[in-house]
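Trainee: Just so you know, we're using UniProt numbering here: the sequence shown kicks off at 1 and counts up by one.
Here it is: the structure, laid out below.
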Amino acid sequence: MTLKLTRRFICQLFVRRFASNDSSITPIDPNKDLTIKKPSEISTKKRAFTLINPQTVHQIKRIDDVPIQNEMDFIRHRLTEKRVKNIPIETDILIIGGAIKGSAIAFFLKQRAPDLKVTILERDWNYTTSSTVLSAGGLRQQFALEENIQMSIYGAEFLKHIRDHLSILDNDPVPVSFHHNGYLLCGSEKSVKLFEENYQTQTSLGAKLKLLTPNMLKKQFPWLNTDGIEIGCFGVQNEGWLDPWALLTAFRQKALSLGVLYLNAELVGFDKVKRVWADGTIENQMDKALILSAEDNRIYPMDATFVINAAGPWAGEVAKMAGIGVSDQYPVALPVEPR
Ligand SMILES: Cc1cc2nc3c(=O)[nH]c(=O)nc-3n(C[C@H](O)[C@H](O)[C@H](O)COP(=O)(O)OP(=O)(O)OC[C@H]3O[C@@H](n4cnc5c(N)ncnc54)[C@H](O)[C@@H]3O)c2cc1C
Numbered sequence: 001m002t003l004k005l006t007r008r009f010i011c012q013l014f015v016r017r018f019a020s021n022d023s024s025i026t027p028i029d030p031n032k033d034l035t036i037k038k039p040s041e042i043s044t045k046k047r048a049f050t051l052i053n054p055q056t057v058h059q060i061k062r063i064d065d066v067p068i069q070n071e072m073d074f075i076r077h078r079l080t081e082k083r084v085k086n087i088p089i090e091t092d093i094l095i096i097g098g099a100i101k102g103s104a105i106a107f108f109l110k111q112r113a114p115d116l117k118v119t120i121l122e123r124d125w126n127y128t129t130s131s132t133v134l135s136a137g138g139l140r141q142q143f144a145l146e147e148n149i150q151m152s153i154y155g156a157e158f159l160k161h162i163r164d165h166l167s168i169l170d171n172d173p174v175p176v177s178f179h180h181n182g183y184l185l186c187g188s189e190k191s192v193k194l195f196e197e198n199y200q201t202q203t204s205l206g207a208k209l210k211l212l213t214p215n216m217l218k219k220q221f222p223w224l225n226t227d228g229i230e231i232g233c234f235g236v237q238n239e240g241w242l243d244p245w246a247l248l249t250a251f252r253q254k255a256l257s258l259g260v261l262y263l264n265a266e267l268v269g270f271d272k273v274k275r276v277w278a279d280g281t282i283e284n285q286m287d288k289a290l291i292l293s294a295e296d297n298r299i300y301p302m303d304a305t306f307v308i309n310a311a312g313p314w315a316g317e318v319a320k321m322a323g324i325g326v327s328d329q330y331p332v333a334l335p336v337e338p339r
């Protein structure tokens, strides 16, 4: 059955539905219109995107010293139809990025639909550069945007019941060491109105906070220099910090126990097909995800019904691979870049 392409954006995530005539792997013609720019276009100024992380190409070149000039060569050289044991031909959900968001998404999906085939690609098994492990692990309710406040309140509730959510059989999850110390935000005279407005929004949604005058601040925090401070807001419940590595491990272990497949692999592009509909309209559709396995450095095509972009700071790059922000069909880019 041919599925028409749909798309939904959820914060940094995009979910993409693939078009596919059947689930079997068909040989990929390296000359057909891949999403990879053709060599002639690569050096021109019009080159709008890099589908393969240049770092990856560089590393591979070093490994086997093949004459790889550009992304196209790289794909041709590496593409294989032969399967290694652990890489499936197809999956229902393909998640790019296996850190906190990818792992949490996989967990929630498997909880609601246990039969769903969920595959995660994570190129860095040690998570050395993922924001998750670099993060301070702070949780606060003090935001202006309702969605952020609601997410924080939900997160605090989740952590309170983490055993119910992330235990595996009778084993408690890895302790995430949540410290219930509130955040204290302070403001000058010109911020008083904003603090009061935010406080109304936050508490109306269930946030547990206390507004403090300078005198109250001095009493509660005697070490604080309150010169120039006119207002403070302190989180009395549901705020603090935790160990992000431990939380990632807990989510990952739980997701694994529910049958999620983690692959040490990198999404390097998409195989693209042009479809001509009965009314003559031409649509570029994603056919297969191209996956570079860290096990053997080969690229495997994979069919997926949905692709979820949980690549953190690299989400913009992954979106470009899918044509987002670089094609007439989807001209608006995902404004996320690693710094
Ligand atoms: C210094 C710092 C402090 C922070 N402090 C806080 C805080 O106190 N509180 C808070 O709530 N948030 C904080 N954050 C933000 C928070 O860490 C991030 O929002 C969150 O960790 C993002 O998780 P993620 O899974 O989306 O991204 P990441 O953790 O960055 O994971 C993305 C993963 O995708 C993988 N990946 C990328 N591209 C590909 C590809 N093509 N193929 C396969 N895998 C790929 C990467 O290897 C990476 O592991 C902080 C962030 C930083 C950097």
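Heads up, the beta-carbon is just placed ideally off N, CA and C, and yes, glycines get one too.
Owing to the predicted nature of the structure, the values given are computational and were not obtained by experimental measurement.
Going by alpha carbons, who is nearest to L242 out of V174, N297, Y199?
Mentor: V174
Trainee: Could you tell me the alpha carbon to alpha carbon distance between E230 and G187, rounded to whole angstroms?
Mentor: 6 Å
Trainee: Is the beta carbon of I89 closer than 7 Å to that of I308?
Mentor: no
Trainee: Among the candidates L185, Q202, R140, V192, whose CA atom is the shortest distance from the CA of H179?
Mentor: R140
Trainee: To the nearest angstrom, how far is the alpha carbon of S162 from that of S131?
Mentor: As written in the sequence, residue 162 is Ile, which differs from the Ser given in the question. The straight-line gap from Cα to Cα measures roughly 22 Å.
Trainee: Need the endpoints of the beta strand (DSSP E) that P301 sits in, please.
Mentor: Residue range 299-309 is occupied by the beta strand (DSSP E) that includes P301.
Trainee: Hey, how far is the Cα of S327 from the Cα of A333?
Mentor: In a straight line, the C-alpha of S327 is about 9 Å away from that of A333.
Trainee: Helix, strand or coil: which one does DSSP assign to E90?
Mentor: Note: E90 maps to strand in three-state DSSP.
Trainee: In terms of alpha-carbon separation, which member of R252, D271, E239 lies closest to K160?
Mentor: It is E239 whose Cα lies nearest to the Cα of K160.
Trainee: What's the call for D303, buried or exposed, on a 16-neighbour Cβ count within 10 Å?
Mentor: Here D303 is buried: its Cβ has 16 or more other Cβ atoms, across all protein chains shown, within 10 Å.
Trainee: Under the assumption that A250 contacts V176 (Cβ atoms under 8 Å), give the Cβ distance between them as a whole number of angstroms.
Mentor: 6 Å between Cβ atoms; contact.
Trainee: Suppose only complete runs of 4+ residues qualify. What are the alpha helix (DSSP H) ranges in the stretch 124-188, listed by chain order?
Mentor: 131-134, 146-160, 162-166
Trainee: With a threshold of 7 Å between beta-carbons, can L166 be considered close to chain B, or not?
Mentor: Absent from the structure is chain B; it holds one protein chain and no more.
Trainee: Between residue 377 and ligand 1, is the CB less than 6 Å from at least one heavy atom?
Mentor: What is shown of the chain runs 1 to 339, which leaves residue 377 out entirely.
Trainee: Are there any heavy atoms of ligand 1 lying less than 6 Å away from the beta-carbon of L166, as far as the coordinates show?
Mentor: no
Trainee: DSSP three-state call for F221: helix, strand or coil?
Mentor: coil
Trainee: So the candidates are L169, L267, T91; which of them puts its Cα closest to the Cα of residue 352?
Mentor: Since the first residue shown for the chain is 1 and the last is 339, residue 352 is missing from the structure and cannot be characterised.
Trainee: Taking the DSSP output, what are the residues bridged to M286?
Mentor: BP columns for M286 point to K272.
Trainee: DSSP three-state call for W241: helix, strand or coil?
Mentor: strand
Trainee: Check whether the Cβ of Y262 lies closer than 6 Å to any heavy atom of ligand 3, and answer yes or no.
Mentor: Ligands present in the displayed structure are limited to ligand 1, and ligand 3 is not among them.
Trainee: Please name the residue, chosen from L205, C233, L258, that lies closest to L116 on a Cα-to-Cα basis.
Mentor: L258
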